[in-house]
Structures are given as structure tokens and as C-alpha cells.
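Visitor: Residues 13 to 938, numbered by the numbering used here, are exactly what the sequence shown covers, in order. Have a look at this one before I ask anything.
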Amino acid sequence: MGAPEAAEEQQPSGPGASPGTASTSQPSSVRLDAFAPGGRNFQSARDLYVWETHHHVGPAGPLAVVEPVLPTDEAVAEVFVGRSAETRAVLAVLDPAHGATGMVVASSVAGLAGIGKTALARSCAAEAVARGWYAGGAVFVDLNGYAPDPADQVMPEHVFAPLLHALGLRGPLDTSAAGQAAQYHRLLAERAAERRPALLVLDNASSTAQIAELMPRSRVHRTLITSRHTLATRGSRTLELGTLAPAGARTLVEEQLAFLAPGDTRTREDAEGTERLCRMCGHLPLALHIATALLARDPDQTTGALADELARARHRLDVLDDGERAVRAAFELSYRRLTPEQALLLRLLPLNPGPHIATDAAARLVDMADDQAARLIRELARAHVVERAGTGVWRQHDLMRAYAIELLGSRGDDQGGASNRLIEHYVAQAADVMTALHTGTADPTAALRTAEDALAWYDREHPNLQAAISMAATFGDGDGALRIQEALIAVYAHRGQTAEWEAAAWSAVRFAREAKDHPGRSRALHQVMLSLEAAGRGDEAVVAAENLLRFQYMVITAALQTEHVTDSRRLLEHARAAVAESERLLGDRERRFVHMRHEDIARVALARGLDDTFEVVGLRTPRPAAEGPVELPGSPQEEAATWARTALKRLPATPAYDLGLDPYARDAEKAADRALALIPEDPGPEEVEGWREVCDLLARYAALRLAGGAIARGLGEFALVTWRERTLPHVAGTYDGVGRAYKFIGHPAAQARLLTDLARECFQSGDYTRAISCQLYVEHIAGEIGDEAGQGEALAAIAHAYLLLMKHHRAVEVAQRAVPLLTDANRPGAASRALTTLANACHSLNRPTEALSAALNAVSLARSAGDLQGRVAALLVLGLAQRDTGSAEDAATSWRSALLIAARVKDRYLTHRTEDFLRSVGHLPG
13 MGAPEAAEEQ QPSGPGASPG TASTSQPSSV RLDAFAPGGR NFQSARDLYV
63 WETHHHVGPA GPLAVVEPVL PTDEAVAEVF VGRSAETRAV LAVLDPAHGA
113 TGMVVASSVA GLAGIGKTAL ARSCAAEAVA RGWYAGGAVF VDLNGYAPDP
163 ADQVMPEHVF APLLHALGLR GPLDTSAAGQ AAQYHRLLAE RAAERRPALL
213 VLDNASSTAQ IAELMPRSRV HRTLITSRHT LATRGSRTLE LGTLAPAGAR
263 TLVEEQLAFL APGDTRTRED AEGTERLCRM CGHLPLALHI ATALLARDPD
313 QTTGALADEL ARARHRLDVL DDGERAVRAA FELSYRRLTP EQALLLRLLP
363 LNPGPHIATD AAARLVDMAD DQAARLIREL ARAHVVERAG TGVWRQHDLM
413 RAYAIELLGS RGDDQGGASN RLIEHYVAQA ADVMTALHTG TADPTAALRT
463 AEDALAWYDR EHPNLQAAIS MAATFGDGDG ALRIQEALIA VYAHRGQTAE
513 WEAAAWSAVR FAREAKDHPG RSRALHQVML SLEAAGRGDE AVVAAENLLR
563 FQYMVITAAL QTEHVTDSRR LLEHARAAVA ESERLLGDRE RRFVHMRHED
613 IARVALARGL DDTFEVVGLR TPRPAAEGPV ELPGSPQEEA ATWARTALKR
663 LPATPAYDLG LDPYARDAEK AADRALALIP EDPGPEEVEG WREVCDLLAR
713 YAALRLAGGA IARGLGEFAL VTWRERTLPH VAGTYDGVGR AYKFIGHPAA
763 QARLLTDLAR ECFQSGDYTR AISCQLYVEH IAGEIGDEAG QGEALAAIAH
813 AYLLLMKHHR AVEVAQRAVP LLTDANRPGA ASRALTTLAN ACHSLNRPTE
863 ALSAALNAVS LARSAGDLQG RVAALLVLGL AQRDTGSAED AATSWRSALL
913 IAARVKDRYL THRTEDFLRS VGHLPG
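As C-alpha cells, then:
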């Protein structure tokens, strides 16, 4: 084996290399569903601030949690009590009509913990969105300004990226914080110029440094800030929030109890006891909220008796100030009424290092089935010691979290076992994310079955994943940290977030090094290379490729030393792929070094008794067996079939979207070419069946290569461009050759099917010109064999491609040829889609009457075919035609029908595209 080079990789230096902190991506919209019928009696002034750090394991840097603000009717049902004046004051400032001063308006809500700053801000923001004030977007940001460790406070540079995602930035993010700041303010300026105001809710700010760079520069936009003390922000209106007035506190208890225990009259029967109960809670909303839940859980207890219990509990807490004593007393009484299982879960919840926890993760903490844990955590929610943050997602108030941590430390619970189970849970979920993103689907039993599921779960759980990575690393579980980190890398790669991608990859390098995981470290180095390449930093990517190539010495050495031959094979296959990837960027500059690595791999393979698939090819002349059959058979058909099978064997298990990722792609291509060259142009009748077998084998080979397109689309735009521009032309050449072979042996239908598959892939990959070329040939073949349906479907596909190429006249001509063929062949669904294309093209050519006629026929045919997706598309263009011909009400009816049908299909992509279209035409608010 060659002399060992320095295997230690070097992190690139210079501008843009290795951002210190990875940005987070946009969290998904969280619906606050009620746990009981009719919604939840949600106290208006409740502070929802969540402490986002584990009590002894901090996250790897601040966790930027950014959520879209939901309108009131989509959020959890809330009954606000005692804050009507404050609500009116905040809404008066948030109203976009209020802005004559020309200043940026910010409403700062200052107050103690537990007094209800966050709830007031959330409520007012939701109401403002419900009133349609913020067409430019409304987002909620938790700045974590009162974290115990100041390093965990969220600063503007941590927020720009997720804010841009949440506000709907189109196009790639800048790789630097300064560039993202510029993009952020440019986006807000564009929204202001369009008169589309945006609302920023900046929660839990402790200093002006956290908010100054986030403030919009236009008076069109609004900012609502909450803080535990007054912040000096220029142009702001400050609202100091105090405890509830006695009457407001009493009303809160009465109305909340009426919701939790309908018909309960104890507050009226013991008015004096209710007054004392409110005083014992210090008129603090959080304490009142918990005390009322205690009353609801014990129907035999009077309000006076509960007030006496609180008084005794407060006496034991005399060292605290009044506000803290009231809240802690309520905590103690509530905790005493929990069952042992409920109490254990409450104590273990702070072990989850992130800001919220899903039901399945809570189940892992207490080592229970999901349904059992769901029952427990719902009971905790009814006791108001946890709160619902979305469907199946929960969080704790920071004061309750601190109280649970104290209990955890004093009860001797098994923190290690619970923490390990939680990390294993996130590792398993991370694996499902990677599977879904890489293949588009996951195991049918997995919770995350599609890429969309994976991204939605990731957006919700991203803060937890970041914190779990740090937790795993702190506990010495480098392998767990690496596995979760790889899921973050996969998402950043999928979304093209190159700065976060690179930073996450370097973190993975560190975790793999600590875990002594050579393949993992190699994978991480590869991701560093890919992220730099995707960012257009070519020179740094080449340096990363050299790092990757050097490190293969460690992987190959491990392959020699490992006990099991199967592990050795796996390591050598990994090294071979890594060398090929390095070579793709290095080219001829490290040819000798690359060949040395290939020789090392072959030498170890020989020593471990592995087969000749690891044999060196390239600079030295290989044995004939390296690229073809071991023995050449007798007949040409047998020889061609053997070459075809060799081509199939040379393909990787997972289709490659880039020939450079597959070191045997050229060998496979050569073998397929050898098989094609043996097929005669005019075989005898007795030979046709033998050649048919060869053609079928080559068709399988071509289809497997074509599957690389689906992989590329799942990996994002960079991979798709690579596939479309570098690999698809090669695959198309193979399809052309196999298609001609089918023609030689007299099987035009098989040729047409093959070309239809290629055309479909070209269309999905955005190569519409090639798709048209293929479908023209298919239409010609279908016409020759009298297949009217095939002819019509090919023409419909051509018309659609012309439409997307903006060649509307050609689209009209071809669609008009397709419709009668499909109608005569009794293909109503296909005819409907051709008519929809025709209607779209006529609309673009400003021929509204023709568009209306085509769209009406398209809707009718789609309905008769039971084609719901086709009906949605036809109804959308029908609405355009109706609007263009002066029937605005009919247009609105068509668009409403389209939206309802899209919802029935239960296809989130279809619903999303339909909603985007309806926003673009002004039917839905932007």
C-alpha cells in the first residue's frame, strides 16, 4: 500500500468558508388544536416563553425558532380575559392605516415572567392577520433573550436565513450573514413598494442588540416586541403590562372553570374564597390558570379551601418574592395531584433539549407505547403543567420547566436511560428523513414516507435536532450526533442552503472523528466538497477533494484490518466511490495519486480474497475480463446477451444522476454498446426471438439508468441540472440505440413505449425540446401501426411541452390535432388534458372565447372520466377564461370548485400549487 499521507483534513479558510453558525430553515406552520371539544380556554395574558436549553446540555449555538403567525380562526380557540384595553392599544398600532408619522412603529410589551407578554403578542398578531392587514407575511421569532447562558441568546445573524424562508424568499440564500441581512431588507423594501405590509413579532428580547438589525426600514411594516423590561427603541410605543386587576382575575377564574367544568358554580357560591384564591395567585395569569385547573380536577374542593392550601404553600416559599411565591405554590399543588406516571413524565420532559417535544419523543422518555404516552401528556395538558404547541407537539412554560428540573435532580430518576432512548429516537427519525429525501419514498411503515413529509417534520423538529446533536456529543455519543447531523446535511443539500450545508458538514467531520467512524468521516468530507462545489467556490472544492482523497488511506487500512470480509467489502466499495468523486474534481492534476489509491484498493481486495470487481483500470492495461465476459460464447445472440448482462451488473445499486459518481459507468456503457453493435439491421425470422431477449435486457439497462432522474429531482436543483446537462444526453443515446434495435427486429410498439418513457423523463427534468423530439417519433410510430390513442397522447404531450416553452401558436395547432384522436379513441381523461392545454394557450394568445370553449369541454370530459386532478387544472383555466369574458362571479365559482376538489384529492402538492395559482390571480389573499 502507498505511503500514508497526512489524513487530517483542513477546513478551508477565506471569505465564506465555514460559517460559524448554521442558519436554521423555516419552521412549518403549527396549528394549535384543542385537546378537548370546542377549543381551549386560553388565558389572554399567559406568558408562553419557553426555555430552550437543556439544564446541563446546551445546544450548539442559539436556536432560532421562526414560525408563521396563524390567523385567529386557524389558531387554537382562545378566550381572553382582562386585557381588552391592552389589546385595543396594540391593535391600534398594528393597523397599517396608522402610520402618518412615517416612522417604523414597534410596540414593546414589558413585564415579569408569567404575566402574559407573549400571549398578548400572539393574540394581537393573530387578530391582525385575520383582518387581512399583512399581505407581505407575518412571522413570530423567539429571541431567547433570557436564557441562562447569554451565548444562547438569538442574535440577528441567526435569524436572517429562517426569516427569509418564512417570508417566502425566492431564489438561493446568500452564504454570508451580511449578504442575508441585505437580502432581508431588500425583500422588505420590495414588499413596502408593493404596499404589502409585513409583521414581525420579536418575542423575549432582552437588549436592543437583538432587535436593531431586524427592524424594518419602512413605516409600511410593523414590529411587535416583548421584553421583561422596557427597551429603548426609537419610534416605539411602550406598553407596560402589570398583573390583572382583581375583577379581571376573578373573571378569568370563573370563565375558565366554566369551560373546564361546565355548570360548576363554586366560584359564585364562595365569592370570598374566590377573591382570596386570586390574591394567593398574586393576580398573575399563569398561577390563576394552574389554580383553576386544580379546581376542575377536584370537584369537591371549594375555592376557599384551595386558597388555604396555596397560603400554606406560599408560607414555605417566603424566601421568594411575591410573584414567584404565587406561581411556585400553584406548581406544588398541581404536582401533588399527578399520578406517579404523570409525575415521572413531567420530571423527564426537560431532558428533551429543544423548545418543544412531540408525543412519540415523550413516549421514548418514559419508555412507553405512543398511545400510553399520549394519554399521560394529555392529562398533563389538562392540569396546565404543559401546553399544546400544535398537533401532537407540546411545550412547558420556562418557569414550569425550571421547577421540573429541580424535581428531577431530587428524585433520582434514570436520566441517562431516558436521554439515550431520546437520542435513539431522533437518530431513527433522522434516518427516515434521509431515506425519504434520497429516494422520494421511505419504508411503508415509516412515519415519514415522502420527501414532503420529511421536510415538514424537519421544519418542526429542527431546533430539537440541533439541541439533540449537542446533547449526544456531550454524552459521548459521537455516532448519534453524526447520524442526526447527516439528516441536517441532507435537508440543506436538498434546499440548496450552501452556507448551512458546509457548516453542518464540517460539524459532521468533527463528530465522526470523535466516534472513530472512518466511513462517516469520509461521507462528511464528501459533503464539504459538494457544498463548496454547489456554492461555486471551485478552488476550495478542489482542496476538499484532495482532503477526501487523502483520507481514503484510513478507510482502506480499516478494510484490511476489519474482522469480517463483508465489512471489508463495504469499506472498499466506499473508498472506490470516494476516489471516483475526488477524481471528478481533480481531473488530471492528481492522476498518479488517484491511481495509487486504486492500486491500494485492489491490493487489499486481493489480500481479503474479494472478487475482481476491485481490479485497477485506467493507467495500466487491465485483463480482458475486467470489462467484458470471462468467455466469449458461441452465437452472436448469446454473446450480445452476455454483454447486456455485463452492462446491467456494472450499474450501481442506486441509480446515479452523475456519471462522475459511478466509477463503472463507462464500463457499463461500453458493454451495452458492444451488445448493440452485434444486433443486425435485418435479422432472419428464426433469429428474432433471440434478439428480442437481448433488446429486453438492454431496455432494462436503459430504464435503470433513466431512474437517475428521479434521484436528481429528489436532491435539488444542482443535481437536476447535472443530470439534465451531463447525464441525460448519454442516457438518451442509449434509448435511441435500443429503440433502433427494436425497430430492426420488428417491434415498433416496444420502440414507442421506450421512447415514451424517455420523453416523460425529459419532460419531468425540464428538457422539453428533447421530450418533443421523442414524442414526435412516438406519434410517427403510432400512426404507422394505426394506434390512434397513442398518436393522440403523443400529440397532447407535445402540445403541453410547447406551452411550457411559450410557443403558444404551436401548442394550439398540436392540441387541436390531439383532441379528436383522443375523443374518437374514447380517452376522455387524456382529451380533457389536451383541451386544458389548448385553453391555456388560447388564453396566452388573448383569444378568450376559444379558451372558454376549450376549458368548458375540458371540465366536462374530466368529470366524465373521474379525473379529479384534470378537473382542477381545467377549472383553473376556465376561471381565467370566464374572467376574461366578463364573468367574474363565474370565475370565482370555478376557482372555489378547483380548491375544494384539490382538497378532496388529498395531494398536498396539488393543493399547494392550486393555492399558489389562486393567489397569483388575486382570488386568495397573498
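Cβ atoms here follow ideal geometry from the backbone N, Cα and C, with glycine treated the same way. Predicted, not measured: the structure shown is a model, and the values here were computed from it.
Mapping the DSSP letters down to three states, classify Pro80 as helix, strand or coil.
Guide: Translated into positions along the sequence shown, residue 80 becomes position 68. Note: Pro80 maps to strand in three-state DSSP.
Visitor: Could you say if the region 770 to 784 and the region 793 to 805 meet the contact criterion of at least three C-beta pairs nearer than 8 Å?
Guide: No, the region 770 to 784 is not in contact with the region 793 to 805.
Visitor: For Ile913, count neighbouring Cβ atoms within 10 angstroms of its own Cβ and tell me buried if that reaches 16, exposed if not.
Guide: Against the sequence shown, residue 913 aligns to sequence position 901. Under this definition Ile913 is a buried residue.
Visitor: Return the first residue and the last residue of the alpha helix (DSSP H) that Thr897 is part of.
Guide: Working through the sequence shown from its first residue, we reach residue 897 at position 885. Per DSSP, Thr897 belongs to no alpha helix (DSSP H) and is neither H nor E.
Visitor: Please name the residue in Glu98, Ala101, Asp107 and Ala137 whose C-alpha comes closest to that of Thr84.
Guide: As a working mapping, residue 84 is identified with position 72 in the sequence shown. That would be Ala137, whose Cα lies nearest to the Cα of Thr84.
Visitor: So which of Thr569, His576 and Phe563 has the shortest CA-CA distance to Ala590?
Guide: Stepping through the sequence shown from its first residue, residue 590 is reached at position 578. Cα-wise, what sits closest to Ala590 is Phe563.
Visitor: To the nearest angstrom, how far is it from the Cα of Ala515 to the Cα of Ala524?
Guide: Translated into positions along the sequence shown, residue 515 becomes position 503. Translated into positions along the sequence shown, residue 524 becomes position 512. Each residue's alpha carbon lies about 14 Å from the other.
Visitor: Leaving out the 5 sequence neighbours to the left and right, which residues in its chain are closer than 8 Å to Arg920 when beta-carbon positions are compared?
Guide: Within the sequence shown, the letter at position 908 stands for residue 920. Correct list, in chain order: Glu464.
Visitor: Using CA coordinates, which residue listed in Tyr676, Lys682 and Pro667 is at the minimum distance from Thr654?
Guide: As a first step, residue 654 must be located in the sequence shown, where it is residue number 642. Closest by alpha carbon: Lys682.
Visitor: Roughly how far, in whole angstroms, is the beta-carbon of Leu377 from the beta-carbon of Leu363, given that I think they are within contact range, below 8 Å?
Guide: Position 365 of the sequence shown, counted from the start, is the residue given in the question as residue 377. Position 351 of the sequence shown, counted from the start, is the residue given in the question as residue 363. Confirmed, Cβ separation roughly 6 Å.
Visitor: Considering only their Cβ atoms, is the gap separating Pro80 from Ala150 smaller than 9 Å?
Guide: Residue mapping note: residue 150 aligns to position 138 of the sequence shown, counting from 1. Residue mapping note: residue 80 aligns to position 68 of the sequence shown, counting from 1. Cβ atoms of Ala150 and Pro80: closer than 9 Å.
Visitor: Beta carbon of His396, beta carbon of Ala305: below 9 Å?
Guide: Here residue 396 is taken as the residue at index 384 of the sequence shown, counted from 1. Here residue 305 is taken as the residue at index 293 of the sequence shown, counted from 1. Against a cut-off of 9 Å, the Cβ pair of Ala305 and His396 comes out as a contact.
Visitor: For Trp518, write down the residues that DSSP places opposite it in a beta bridge.
Guide: Looking up residue 518 in the sequence shown gives position 506. Looking at the DSSP assignment, Trp518 forms no beta bridge with any residue, so it has no partner.
Visitor: Between which residues of its own chain and Leu176 is the CB-CB distance below 7 Å, once the five residues before and five after are set aside?
Guide: Position 164 of the sequence shown, counted from the first residue, corresponds to residue 176. Answer for Leu176: Leu185, Gln192, Gln195, Tyr196 and Leu199, listed in chain order.
Visitor: Give the straight-line distance between the Cα atoms of Ile793 and Ala801, rounded to the nearest whole angstrom.
Guide: By one-based count along the sequence shown, residue 793 stands at place 781. By one-based count along the sequence shown, residue 801 stands at place 789. One C-alpha to the other measures close to 12 Å.
Visitor: Compute the beta-carbon to beta-carbon distance between Ile435 and Ala485, rounded to the nearest angstrom, for a pair I have assumed lies under 8 Å.
Guide: Sequence index remark: in the sequence shown, residue 435 carries index 423 (1-based). Sequence index remark: in the sequence shown, residue 485 carries index 473 (1-based). At roughly 10 Å, the Cβ-Cβ gap does not stay under 8 Å, so Ile435 and Ala485 are not in contact.
Visitor: Take Asp215 as the anchor and find which of Phe756, Glu266 and Leu132 has the nearest alpha-carbon.
Guide: By 1-based counting over the sequence shown, the position of residue 215 is 203. The shortest C-alpha separation from Asp215 is found at Leu132.
Visitor: Please go through the same chain and pick out, in chain order, the residues whose beta-carbon is closer than 6 Å to the beta-carbon of Phe172, but skip the five residues on each side of it.
Guide: For the purposes of this step, residue 172 is taken as residue 160 along the sequence shown, with counting starting at 1. Closer than 6 Å at the Cβ level, and outside the excluded window around Phe172, lie Gln192, Ala193 and Tyr196.
Visitor: In this structure, does DSSP put Val750 in helix, strand or coil?
Guide: Taking the sequence shown and counting its residues from 1, one reaches residue 750 at position 738. Note: Val750 maps to helix in three-state DSSP.
Visitor: Let me check you understand the geometry: is the CB of Gly144 closer than 8 Å to at least one non-hydrogen atom of the ligand NAP?
Guide: Here there are no bound small molecules, and the ligand NAP is not part of this structure.
Visitor: Once the 5 residues before and after Arg822 are set aside, which same chain residues still bring their CB inside 6 Å of it?
Guide: Looking up residue 822 in the sequence shown gives position 810. Closer than 6 Å at Cβ, skipping near neighbours: Tyr814.
Visitor: How about the region 750 to 767 and the region 731 to 741: do they share at least three Cβ pairs that are nearer than 8 Å?
Guide: Cβ pair count under 8 Å is below three, so no.
Visitor: Could you work out which residue in Gln649, Arg686, Pro760 and Asp612 is closest to Pro695 when comparing CA atoms only?
Guide: Here residue 695 is taken as the residue at index 683 of the sequence shown, counted from 1. It is Gln649.
Visitor: Give me the Cα-Cα distance between Thr263 and Asp276, rounded to the nearest whole angstrom.
Guide: As a first step, residue 263 is located in the sequence shown; it is residue number 251 there, counting from the start. As a first step, residue 276 is located in the sequence shown; it is residue number 264 there, counting from the start. Distance between the alpha carbons of Thr263 and Asp276: 14 Å.
Visitor: Figure out for me which residue from Thr578, Ala557, Leu392 and Glu585 has the closest Cα to the Cα of Gly599.
Guide: For the purposes of this step, residue 599 is identified with residue 587 of the sequence shown, where counting begins at 1. Checked all of Thr578, Ala557, Leu392 and Glu585; the closest Cα to Gly599 is Ala557.
Visitor: Can you give me the C-alpha to C-alpha distance between Val917 and Arg875, rounded to a whole angstrom?
Guide: In the sequence shown, the residue the question calls residue 917 occupies position 905. In the sequence shown, the residue the question calls residue 875 occupies position 863. Rounded to whole angstroms, Val917 to Arg875 spans 14 Å at the Cα level.
Visitor: Looking at C-alpha atoms only, which residue of Leu179, Ser865, Leu106 and Tyr158 is the closest neighbour of Val78?
Guide: As a working mapping, residue 78 is identified with position 66 in the sequence shown. Among Leu179, Ser865, Leu106 and Tyr158, the Cα nearest to that of Val78 is on Leu179.
Visitor: Using the Cβ count rule (16 or more neighbours within 10 Å means buried), how would you classify His924?
Guide: The residue given as residue 924 occupies position 912 in the sequence shown. The residue is exposed, with fewer than 16 neighbouring Cβ atoms inside 10 Å.
Visitor: Suppose contacts are defined by Cβ-Cβ distances below 9 Å. Is Pro367 in contact with Pro274 by that definition?
Guide: The residue labelled residue 367 in the question sits at position 355 within the sequence shown. The residue labelled residue 274 in the question sits at position 262 within the sequence shown. Going by C-beta atoms, Pro367 is not nearer than 9 Å to Pro274.
Visitor: Count the other CB atoms, across all protein chains shown, that sit within 10 Å of the CB of Leu256; report buried if there are 16 or more and exposed otherwise.
Guide: The residue given as residue 256 occupies position 244 in the sequence shown. Buried.
Visitor: Could you give the distance in angstroms between the alpha-carbon of Val555 and the alpha-carbon of Leu544?
Guide: Walking along the sequence shown from the start, residue 555 turns up at place 543. Walking along the sequence shown from the start, residue 544 turns up at place 532. Taking the straight line from one Cα to the other gives about 10 Å.
Visitor: To the nearest whole angstrom, what separates the beta carbons of Cys290 and Ala342, a pair I think is in contact under 8 Å?
Guide: Taking the first residue of the sequence shown as 1, we reach residue 290 at position 278. Taking the first residue of the sequence shown as 1, we reach residue 342 at position 330. Not really, about 12 Å apart at Cβ, beyond 8 Å.
Visitor: From Leu671 to Glu575, what does the alpha carbon distance come to, in whole angstroms?
Guide: Walking along the sequence shown from the start, residue 671 turns up at place 659. Walking along the sequence shown from the start, residue 575 turns up at place 563. Taking the straight line from one Cα to the other gives about 33 Å.
Visitor: Using only alpha-carbon positions, find the residue among Leu888, Thr897 and Ala915 that is nearest to Thr905.
Guide: One-based indexing of the sequence shown puts residue 905 at position 893. Nearest C-alpha to Thr905: Leu888.
Visitor: Name the one or two DSSP bridge partners that Ile369 has.
Guide: Taking the sequence shown and counting its residues from 1, the one referred to as residue 369 is at position 357. Trp406, per the DSSP bridge assignment.
Visitor: Tell me which residues share the same chain as Lys755 and place their Cβ nearer than 7 Å to its Cβ, disregarding the 5 neighbours each side in the sequence.
Guide: Walking along the sequence shown from the start, residue 755 turns up at place 743. Excluding residues within five positions, the ones whose Cβ falls inside 7 Å are Gln763.
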